[in-house]
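So the protein lines, in turn, are chains A and B. Numbering-wise (the numbering used here), the first sequence opens with residue 1 and increments by one. Numbering-wise (the numbering used here), the second sequence opens with residue 1001 and increments by one.
Number of protein chains: 2
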Amino acid sequence: MSKVDKEAIIRAAEDVVRENGARKLTLDAVANRCGLSKGGLLHHYGSKQALLQAMLQSVVARESELANAYLDCNDQPGGLLVSRIQTLFAMMEEPAGLPRSLIAAVAEDPALLEPIKNQEERIRNKVCDDSSDPEMALLLLCAARGIFFGRVLGVVEEDAPLFRRLRERLLKLAQDLD
Amino acid sequence: MSKVDKEAIIRAAEDVVRENGARKLTLDAVANRCGLSKGGLLHHYGSKQALLQAMLQSVVARESELANAYLDCNDQPGGLLVSRIQTLFAMMEEPAGLPRSLIAAVAEDPALLEPIKNQEERIRNKVCDDSSDPEMALLLLCAARGIFFGRVLGVVEEDAPLFRRLRERLLKLAQDLD
DNA sequence: GATACCATACCGTCCAGCCGGTCTTTTTTG
DNA sequence: CAAAAAAGACCGGCTGGACGGTATGGTATC
């Protein structure tokens, strides 16, 4: 039993990235954020790379979790695409700058994205297999991801009512596809 | 007339980012890359921020240039969307890690993305105004941008024949929209 | 000789990782 | 069960290198 569990450290790191930018993601900052010394932090994660890997894995896990939850509500054929789109929208609504870990990671070392690349590919394949029109399914998925990345990078405002409408339209098209 | 013009410096910076990652975009690295001392580099761009701004502005300019060229070939109504989609695909075919400057910039200081955010918004508005079905136009644009960002971040492979097909499908849908 | 262009040397700061040591918890052993 | 020993958790200081930026001086061109 530890006073500060490893999950809390990852949360702290995400907080730092969200509040101060990816460049300021430093071991000291993370340590201070979760009331730990740098030595203590390095005791849990042996290096900064290890911490970043854990952050990414956490994102991957969170996405899978959400996707499975949504899938249970959409178990008609073609529901996989719908649940994935819902997942992407849900992740960008969350207050956590959770996916911004992506930026910190890719800035540090693009090779860290390997697991995410693999997950993306698996998702694409499954969505294609699940649809009668794989190309169109992929296209809708890409659209959702385009909106997602736009928000992650901060090149698009959040208040836009445009999002609700795009979301509805996307989901409608996805559902009419099965 | 200077031995190394400012454009060459930006190219060098892009090369560094592409080859060594955004985190390794350092003044020394850029200077070495284009056969210049750090002092010489700082003579042209007074600070690292200034260099990053110039890099981003270069991307913006390049995108506009491409878009205008494509627009001349698609001057039917609704051709704006088509040209924008073509532009995005063209930019990711280019050997330059040009758009990866985005990552370097957002890691350093997210505020640097302001001009890009504005440009994105202008494009969105114009595309919407130009189409009879604004939502669908936006959706197609987002799809193209999703593919674009996927490539920029490196979460998707390039060899995939999937891209040709998605590109064709996207362009077809965009053309049938006008 | 003034201005643009560029090199060298240097400074202050930041930061990842290391290390010795302390305190606590668990395991081993008599 | 109690004492000893080992393992785990954590701290704080330190260092060596990297990095952004400055200061100074040299060279070429007009």
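Just so it is clear, CB atoms sit at the ideal spot from N, CA and C, and this is done for glycine as well.
Taking a contact to require three or more Cβ pairs closer than 8 Å, the region 1130 to 1150 of chain B and the region 1161 to 1175 of chain B qualify as touching. Considering only B/A1137, B/D1133 and B/R1124, the residue with the shortest C-alpha distance to A/E157 is B/R1124.
Taking 4 residues as the minimum length, the alpha helix (DSSP H) runs contained wholly in the region 8 to 96 of chain A are 27 to 33, 38 to 44, 48 to 73 and 79 to 93, in order along the chain. Near chain B, meaning a CB-to-CB distance below 9 Å, the residues of the region 147 to 158 of chain A are I147, F148, F149, G150, V152, L153, G154, V155, V156 and E157. The Cβ of B/E1014 sits no closer than 8 Å to any Cβ of chain A. Within the region 113 to 124 of chain A, contact with chain B at the beta-carbon level (separation under 7 Å) is assigned to L113, I116, K117 and E120. Shown in chain order are the members of the region 1098 to 1109 of chain B whose Cβ falls below 8 Å from a Cβ of chain A: L1102, I1103, A1104, V1106, A1107, E1108 and D1109.
One Cα belongs to B/R1164, the other to B/N1032, and the distance between them is close to 38 Å.
In the three-state reduction of the DSSP assignment, A/L113 falls in the helix class, which pools H, G and I. About 5 Å separates the beta carbon of A/V127 from that of A/A137, a gap short enough to meet the 8 Å contact definition.
DSSP places A/L177 outside any alpha helix (DSSP H), giving it a letter other than H or E. The beta carbon of B/K1048 sits closer than 8 Å to the beta carbons of L1027 and E1108 from its chain, once the five residues preceding and following it are set aside; these are given in chain order. For B/E1135, a Cβ of chain A is located within less than 8 Å of the residue's own Cβ. Closer than 8 Å to the CB of A/G21 there is at least one CB belonging to chain B. A/G78 and B/L1102 have their C-alpha atoms roughly 35 Å apart.
Beta-carbon to beta-carbon, A/L88 and A/F148 are separated by about 5 Å, close enough to satisfy the 8 Å threshold. Within 8 Å of the CB of B/A1143, the CB atoms of chain A belong to L139, L140, C142, A143 and G146, in sequence order along the chain. For the C-beta of B/L1170, the chain A residues within less than 8 Å are, from N- to C-terminus, L139. For B/L1166, a Cβ of chain A is located within less than 8 Å of the residue's own Cβ. Annotation: the continuous alpha helix (DSSP H) that includes A/P134 extends over P134 to L153. Each of B/I1085, B/E1007, B/C1034 and B/E1094 was checked against the Cα of B/V1016, and the nearest Cα belongs to B/C1034. A/L52 sits close to A/A105, with the two beta carbons spaced by under 8 Å. Of all alpha-carbon atoms in B/P1134, B/Y1045, B/S1058 and B/L1025, the one lying nearest the alpha-carbon of B/M1091 is that of B/S1058.
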